[in-house]
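Trainee: Have a look at this one before I ask anything.
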Amino acid sequence: PFSRFITNLTLEQDLSMKTFQNRFKSFIQKVIEAPKHFLFSTKTKKPLLILDRFYFNTNNVCGHHLFLLDIKTKHLKELHIPRVTNSDMGYKIISSCNGLLCIAHYSLDQYSTLFLWNPTTKQTKRIIEQQRQPLLLPPNCLIGFYESNGFYVVRFHSFQNTKTSYYAIRGEKYSLSEGVWREIKGCDQNLILKGDLFWTENTVTVKETLFWVAMEVNEKVSHEMIISFNSSNEAISKIEMPFNSSKDCVEVYKKLAVYSYKGSSSVALMICSESKSMEQWLDLWVLCDEYEDIEYWIKVQTLGRFSRLERPVGVWKNQVLMATNKMIHSVGGVVAFLQEDDIGAEFYYNSLNYEESFFPLNDVLEVDH
1 PFSRFITNLT LEQDLSMKTF QNRFKSFIQK VIEAPKHFLF STKTKKPLLI LDRFYFNTNN
61 VCGHHLFLLD IKTKHLKELH IPRVTNSDMG YKIISSCNGL LCIAHYSLDQ YSTLFLWNPT
121 TKQTKRIIEQ QRQPLLLPPN CLIGFYESNG FYVVRFHSFQ NTKTSYYAIR GEKYSLSEGV
181 WREIKGCDQN LILKGDLFWT ENTVTVKETL FWVAMEVNEK VSHEMIISFN SSNEAISKIE
241 MPFNSSKDCV EVYKKLAVYS YKGSSSVALM ICSESKSMEQ WLDLWVLCDE YEDIEYWIKV
301 QTLGRFSRLE RPVGVWKNQV LMATNKMIHS VGGVVAFLQE DDIGAEFYYN SLNYEESFFP
361 LNDVLEVDH
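Residue numbers (UniProt numbering): 1 to 369.
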């Protein structure tokens, strides 16, 4: 703003000193009175938590509630996801990245869409599709959102290779600054896929790599695994899950998280298991890569046993979050109090690390509804 102010003044040849002083004084006054959020770029941003609560009610209809945690009061403020189409169908929160949320809005027709949303500025940006066929949305594809010298959305879907018995993956990347999609060629050259790929859980980003819990399905078998995408070399890989050696329990829940291990951010996997007596416990595994080209899982925590009434939420400030019907808590105590409602549904949760940002999105403002 200051450089623009000086440039505008220099374009005016006949500007008197008194006029210059008055305009400069007015400019300084506007800076002093500017909202604080436009002036805090040098301050350390405080990490916040967004809770994505979704459910299936008695009519098997999925609904979403999105909340922002007030750290001081431990109460949750509901965030109303803006409607960018006329569809009454649901949403899927893809991920959060540096103050922006990537969201899929479902529709039965061709108007399903992906869009970005800044909850701080209440602006949205629809991601324009350049293809005529119906838009691929989860669970039939993997979608990720990250920043690396700009914001990008990536999407991967599988298809059967007519020349072999295996499946191939088509990848594409959208650049927010350019507003176009481009194909990611050769991204699956080191990957052997034996079925159609389905996204079954959440996604996280660690450093320059995106991770999804996914499943490959064919006529004979279904196999759950983790798919990773290195945004630096644009390569996709498969990562096998930790092996469950116990015959006395079943795995009922899996979720990815980011966990600080030995001073470095690592991808973590929460696995909730249930015994025959209906007791549950949670194992937290971290994927280590201390040795070049060798990755292995190490179990860092086991929590439990707890009843079915408690559900894992995610990891925040390096602590596992659990939810009851009244609160979210960790080993350190209560993190948030949950609002009572009469929905009468079984809730599932995702947690999103979030920080306020005033990055502009130039489509439309959020409309209250």
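Glycine included, C-beta positions come from ideal geometry on N, C-alpha and C.
Here's the rule I'm using: 16 or more other beta-carbon atoms within 10 Å means buried, otherwise exposed. How should residue 194 be labelled?
Mentor: Residue mapping note: residue 194 aligns to position 194 of the sequence shown, counting from 1. Result: exposed.
Trainee: Pick out whichever of 274, 333, 255 and 287 has its Cα sitting closest to the Cα of residue 264.
Mentor: On the sequence shown, residue 264 is found 264 positions in, with the first residue counted as 1. Answer by Cα proximity: 287.
Trainee: Using the three-state DSSP reduction, which class does residue 372 fall into: helix, strand or coil?
Mentor: Lying outside 1 to 369, the shown extent of the chain, residue 372 is not represented and no answer is given.
Trainee: Quick one: any contact between the region 278 to 285 and the region 293 to 308, if contact means 3 or more CB pairs under 8 Å?
Mentor: At 8 Å Cβ cutoff, the stretches touch.
Trainee: When the Cβ atoms of the region 155 to 175 are set against those of the region 184 to 204, are three or more pairs found closer than 8 Å?
Mentor: yes
Trainee: For the region 164 to 214, list the beta strand (DSSP E) runs that are entirely contained and at least 3 residues long, ordered along the chain.
Mentor: 167 to 175, 180 to 184 and 196 to 206
Trainee: Rounded to the nearest angstrom, what separates residue 371 and residue 267 at their Cα positions?
Mentor: For the chain, the structure presents residues 1 to 369; residue 371 sits outside this window and is missing.
Trainee: Please work out which residues of its chain come closer than 6 Å, Cβ to Cβ, to residue 63, disregarding the five sequence neighbours upstream and downstream, and give them in chain order.
Mentor: Here residue 63 is taken as the residue at index 63 of the sequence shown, counted from 1. 55.
Trainee: How far does the beta strand (DSSP E) with residue 359 in it extend, from its first residue to its last?
Mentor: By one-based count along the sequence shown, residue 359 stands at place 359. Segment: none, residue 359 is in no beta strand (DSSP E) and carries neither H nor E.
Trainee: Ignore the nearest five residues each way along the sequence and tell me which others in residue 372's own chain have a CB closer than 7 Å to its CB.
Mentor: Nothing can be reported for residue 372: it is not among the residues displayed for the chain, which extend from 1 to 369.
Trainee: Take residue 355 and list the residues in its own chain whose beta-carbon comes closer than 8 Å to its own, dropping the five residues that flank it on each side.
Mentor: Here residue 355 refers to the residue found at position 355 when the sequence shown is read from its first residue. Excluding sequence neighbours, residue 355 sits near 45, 46, 47, 48, 98 and 99.
Trainee: Taking all protein chains shown into account, do 16 or more other C-beta atoms lie within 10 angstroms of the C-beta of residue 388, making it buried, or fewer, making it exposed?
Mentor: The structure shown does not extend to residue 388, since the chain is modelled only from 1 through 369, so no value can be given for it.
Trainee: Check for me: the beta strand (DSSP E) holding residue 340 runs from which residue to which?
Mentor: What you label residue 340 is simply residue 340 of the sequence shown in a count that begins at 1. Residue 340 -> no beta strand (DSSP E), and no H or E assigned at all.
Trainee: Just to confirm, is the Cβ distance from residue 150 to residue 175 under 8 Å?
Mentor: As a working note, residue 150 is residue 150 in the sequence shown. As a working note, residue 175 is residue 175 in the sequence shown. It is a contact, given that the beta carbons lie within the stated cut-off.
Trainee: Tell me residue 145's beta-bridge partners as DSSP assigns them.
Mentor: Position 145 of the sequence shown holds residue 145. Paired residues: 153.
Trainee: Bridge partners for residue 126 per DSSP, in chain order?
Mentor: Within the sequence shown, residue 126 is the residue found at index 126, counting from 1. Under DSSP, residue 126 shares a beta bridge with 115.
Trainee: Would residue 352 and residue 116 qualify as a contact pair, given that the criterion is a beta-carbon distance under 8 Å?
Mentor: Working through the sequence shown from its first residue, we reach residue 352 at position 352. Working through the sequence shown from its first residue, we reach residue 116 at position 116. Cβ distance not < 8 Å, so residue 352 and residue 116 don't count as in contact.
Trainee: Taking its Cβ as the centre, do 16 or more other Cβ atoms sit within 10 Å of residue 119, making it buried, or is it exposed?
Mentor: As a working mapping, residue 119 is identified with position 119 in the sequence shown. By the neighbour-count rule (16 or more Cβ atoms within 10 Å), residue 119 is buried.
Trainee: What number of angstroms, rounded off, separates the C-alpha of residue 184 from the C-alpha of residue 321?
Mentor: Numbered from its first residue, the sequence shown carries residue 184 at position 184. Numbered from its first residue, the sequence shown carries residue 321 at position 321. C-alpha separation (whole angstroms): 36 Å.
Trainee: In three-state DSSP terms, what is residue 137?
Mentor: Residue mapping note: residue 137 aligns to position 137 of the sequence shown, counting from 1. Looking at residue 137 - three-state DSSP - the assignment turns out to be coil, as it is neither helix nor strand.
Trainee: Go ahead and pull the three-state DSSP assignment for residue 306.
Mentor: Indexing the sequence shown from 1 puts residue 306 at position 306. Three-state result, residue 306: strand.
Trainee: Identify whether residue 75 lies in helix, strand or coil by the three-state DSSP scheme.
Mentor: Along the sequence shown, read from residue 1 onward, the residue named residue 75 stands at position 75. DSSP places residue 75 within a strand segment (E or B) once states are collapsed to three.
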